[in-house]
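What follows is a single structure, written as C-alpha cells, with notes after it.
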Amino acid sequence: MPLHPFLLAAALVIEAVAGYPDPLYTRIRHPVVWIGALIAQLDGALNRENDGFARRKAFGVLALAVLLLTVGGVAVAVAWACRLLPFGWLIEAALASTLLAQRSLHDHVAAVADGFRSGGLEGARKAVSMIVGRNPATLDEPAVARAAIESLAENFSDGVVAPAVWLLVGGLPGLALYKAINTADSMIGHRTPRHEAFGWAAARLDDLVNLPGSRLTALLLVGAARMMEGADPRQAWRSVRQDAHRHRSPNAGWPEAAMAGALDLRLGGPRVYGATRIEDVWLGAGRTAATPTDIGRALALYRRACGLLIGGALVLALLA
Numbered sequence: 002m003p004l005h006p007f008l009l010a011a012a013l014v015i016e017a018v019a020g021y022p023d024p025l026y027t028r029i030r031h032p033v034v035w036i037g038a039l040i041a042q043l044d045g046a047l048n049r050e051n052d053g054f055a056r057r058k059a060f061g062v063l064a065l066a067v068l069l070l071t072v073g074g075v076a077v078a079v080a081w082a083c084r085l086l087p088f089g090w091l092i093e094a095a096l097a098s099t100l101l102a103q104r105s106l107h108d109h110v111a112a113v114a115d116g117f118r119s120g121g122l123e124g125a126r127k128a129v130s131m132i133v134g135r136n137p138a139t140l141d142e143p144a145v146a147r148a149a150i151e152s153l154a155e156n157f158s159d160g161v162v163a164p165a166v167w168l169l170v171g172g173l174p175g176l177a178l179y180k181a182i183n184t185a186d187s188m189i190g191h192r193t194p195r196h197e198a199f200g201w202a203a204a205r206l207d208d209l210v211n212l213p214g215s216r217l218t219a220l221l222l223v224g225a226a227r228m229m230e231g232a233d234p235r236q237a238w239r240s241v242r243q244d245a246h247r248h249r250s251p252n253a254g255w256p257e258a259a260m261a262g263a264l265d266l267r268l269g270g271p272r273v274y275g276a277t278r279i280e281d282v283w284l285g286a287g288r289t290a291a292t293p294t295d296i297g298r299a300l301a302l303y304r305r306a307c308g309l310l311i312g313g314a315l316v317l318a319l320l321a
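Going by this note's numbering, the final residue of the sequence shown carries number 321, and the count climbs one at a time with no gaps.
So, in C-alpha cells, the structure goes:
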C-alpha cells in the first residue's frame with residue numbers, strides 16, 4: 002500500500018492555517034456531524050431495548066459494518082474524483098484537512114484560559130464544559146485546569162495524530178474510516194445499559210486503531226518538551242514508561258502521561274461525570290494544583306508538537 006506523505010503534509014498545513022471556517026460550518030455543518038447523524042439513525046433502528054445482550058452486540062457489529070461501508074465508499078469515490086481533476090491533490094488535501102483538528106483543539110482549550118481571565122472560575126467552568134463530559138459544578142480551579150490539559154493531550158492523539166497516521170496510510174478513505182470509528186466510539190462506545198452491548202464493536206475497534214497514534218503522540222510531546230524552556234523531556238519519558246499503562250484506556254494514558262511529566266503535573270485521578278464518581282489513577286509525579294498558567298504552557302507544548310508532526314510529514318513528502 003503506497004503512503005500519502007505529500008497529502009498529509011498539505012492537509013496539516015491547510016488545517017493549521019485555516020481550520021474549518023465558521024461560515025462553512027453554518028452552511029453545511031461538518032463531515033463529523035454527517036457521520037454522527039448516520040450513527041444516530043443506526044442506533045435508533047438497530048439498538049432495541051427488548052433484545053438480549055448477544056443480539057444487541059451482533060446488531061452493533063452490523064451497524065459498525067454499515068457505517069464503515071457507507072463512509073468508506075463515499076470517501077473512495079471522492080478521492081477517485083479528486084484525482085481526475087487538475088490539482089485534484091490539493092482538493093483532496095483540503096477535504097482531508099476538515100477531518101483534522103489542530104486549530105480547533107487549540108482554540109477550545111485556549112478558551113478555558115480566556116474564561117479564567119474574563120469570567121473567573123465560572124467562566125472557565127463554562128468553557129471547559131464544552132470539551133469534557135465532567136460535571137463542571139464539581140471542579141475547582143486546579144481541576145478545571147487539569148481537565149483542559151488532559152483534554153488537550155488526549156484529543157491531540159484522537160483528533161490530530163491518529164487521523165494523520167491513517168491519512169498517511171490510507172489517504173482520504175483511511176482518514177474518513179478512522180473518523181467514523183472514532184465518532185462511533187464517542188457516541189455509542191460507552192458502558193451504559195443502552196450501549197454496553199451495542200457499542201462493544203465500536204469501542205474495541207477504536208482502541209485498536211488508536212494504538213499507533215497514541216504512542217506517536219507521546220513521542221511528539223517528549224520531543225516538543227526538548228524544544229521548550231521549562232519543560233522536562235526526561236520526566237515526560239519517565240512518566241510515559243511508568244504510568245501510561247496504568248490508565249483504564251489502552252491509549253489515553255500515553256499522551257496524558259507525557260504531558261503530565263513534561264509540565265511537572267499530575268493528571269487524571271478521580272473525577273465526576275454527572276452524578277457518577279470515577280476513580281481513575283494519577284499520571285505523573287508533579288503538582289495536582291494546576292493553574293491557568295499551566296494551560297498556557299500546555300498549549301505552547303502542543304504547538305511545538307504540532308510543528309514536529311508537520312515537519313515530519315514534510316520530510317516524508319520530500320523523501321517520497
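Cβ coordinates follow ideal geometry from the N, Cα and C atoms, glycine included. Every value quoted in this text rests on a predicted model; they were computed, and no experiment measured them.
A Cβ-Cβ separation of about 6 Å places P164 in contact with L101 under the 8 Å criterion.
For V273, the pairing in a beta bridge is given by DSSP as R278. In its chain, beyond the 5 residues on either side, A148 and S152 have a beta carbon closer than 6 Å to the beta carbon of V133.
Going by C-alpha positions, P234 is about 45 Å away from A59. Taking C-beta separations shorter than 8 Å and ignoring five residues to either side along the sequence, the partners of A301 in its chain run M229, following chain order.
Taking a contact to require three or more Cβ pairs closer than 8 Å, the stretch 110-120 and the stretch 39-53 do not qualify as touching. With fewer than 16 other CB atoms across the displayed protein chains lying within 10 angstroms of its CB, D23 is exposed.
When rounded, the separation of the alpha-carbon atoms in L39 and L47 is 12 Å. Within the same chain, Cβ atoms closer than 8 Å to the Cβ of L91 are found at A11, the five residues on either side in sequence being excluded. When rounded, the separation of the alpha-carbon atoms in L68 and G308 is 33 Å.
Ranked by how close their Cα comes to the Cα of R304, the residues W81, V110, L268 and A203 have V110 in first place. Setting aside the 5 residues that flank it on each side, R239 is surrounded in the same chain by G262, each with a C-beta closer than 7 Å to its C-beta; the list follows chain order. If you keep only unbroken alpha helix (DSSP H) runs of at least 4 residues inside the stretch 89-158, you get 89-98, 103-129 and 142-157.
With fewer than 16 other CB atoms across the displayed protein chains lying within 10 angstroms of its CB, A78 is exposed. Exposure of L86 is indicated by the presence of fewer than 16 other C-beta atoms within 10 angstroms of its C-beta.
Looking at L266, P271, G45 and G231, the one whose alpha-carbon comes closest to that of R249 is P271. The shortest C-alpha to C-alpha distance from P6 to any of A114, G61, A219 and W167 is the one to W167.
Across the structure, A245 and W201 are spaced so that their CA atoms are roughly 23 Å apart. For M260, the uninterrupted alpha helix (DSSP H) run begins and ends at G254 to A263, by DSSP.
About 7 Å separates the Cβ atoms of L65 and L206, confirming a contact at the 8 Å cut-off.
When rounded, the separation of the alpha-carbon atoms in G285 and V75 is 43 Å.
In chain order, P137 place their CB closer than 8 Å to the CB of S130, counting only its own chain and leaving out the 5 sequence neighbours on each side.
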